[in-house]
Structure formats: structure tokens, C-alpha cells
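Positions -22 to -1, 1 to 90 (mature numbering (1 follows the signal peptide of the UniProt record, and there is no 0)) are the ones given, in order, by the sequence shown.
Glycine included, C-beta positions come from ideal geometry on N, C-alpha and C.
Below is one structure, written out as C-alpha cells; the observations come after it.
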Amino acid sequence: MKYSSALAALVLLILLASTSEATISCSDVVKDLKPCISYLVSGSGKPPAACCSGAKALASAASTSEDKKAACNCIKSTSKSITIKSDLAQALPGNCGISLSISISPNADCSK
């Protein structure tokens, strides 16, 4: 009996731990925001429709805190290799008509 209880507890612990991991991958984030790169680097005005579609897809895919942290870390590390206009990055969600709680910046605090 002791072994089956311990085994059940271990299985439950593994299941709980696995549900707290991010389900979004960095390649998903990059794929969604790829249409935004040229706009964020050298654009002006409103973002292209493909960029807004990708941002909307990212917003719906990053639904949990873990997903948002994973997406933030991906954006943070990826955006260090390119120079983006921070004003365009900050205005992107509003210009696309969405609420995106993920900062698009190489200086983002992804712990929150």
C-alpha cells in the first residue's frame, strides 16, 4: 500500500509540474512576430496587416503566465540582435487593436 500511495503522489506531482510549464515555443513567437520585423526596425505609422495578425495570434497563444514569460524571454533575446524603434514596439498592441501583456523590448522584465 505504501508504494502505491507514493507512486500516486509522484504521478500527481509530475502532472502538476508539467502543467505549469510553458506550452508556447520561441519558434512560435518568432513565426508570429516575423511580419513585424521590418516595421519595427524602419517603419512608421500603422503596422502592416500581417504584423497585426501575428501579434493577435501571439496574444491568444500566450494565455498562461508561463507562456507569457516564455514569449517575453524569447522576444527579449531575439530583439537584442536587431535594433527596433522602441516607440513603435510599445505602440504595436494598441495600433493593432489588441491587448498584449508582453513587452516587445530587449530590456523587458520577463519575471512579471
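Handout entry: Proximity to residue 73 [Cα-Cα], best of 26, 13 and 15
Key = 26
Exercise for the section: Pull up the distance between the alpha-carbon of residue 76 and that of residue 55, whole angstroms please. Expected result: 23 angstroms
Problem - Helix, strand or coil at residue 66 according to DSSP, with G and I counted as helix - result: helix
Practice task
Indicate whether residue 53 and residue 82 have their beta-carbon atoms separated by less than 8 angstroms.
Solution key: yes
Exercise for the section: Have a look at residue 36 and residue 7 and give me their C-alpha separation to the nearest angstrom. Expected result: 6 angstroms
Exercise for the section: Could you check the C-alpha separation between residue 87 and residue 28 for me, to the nearest Å? Expected result: 27 angstroms
Problem - Sub-8 angstroms separation of residue 2 and residue 65 beta-carbons - result: no
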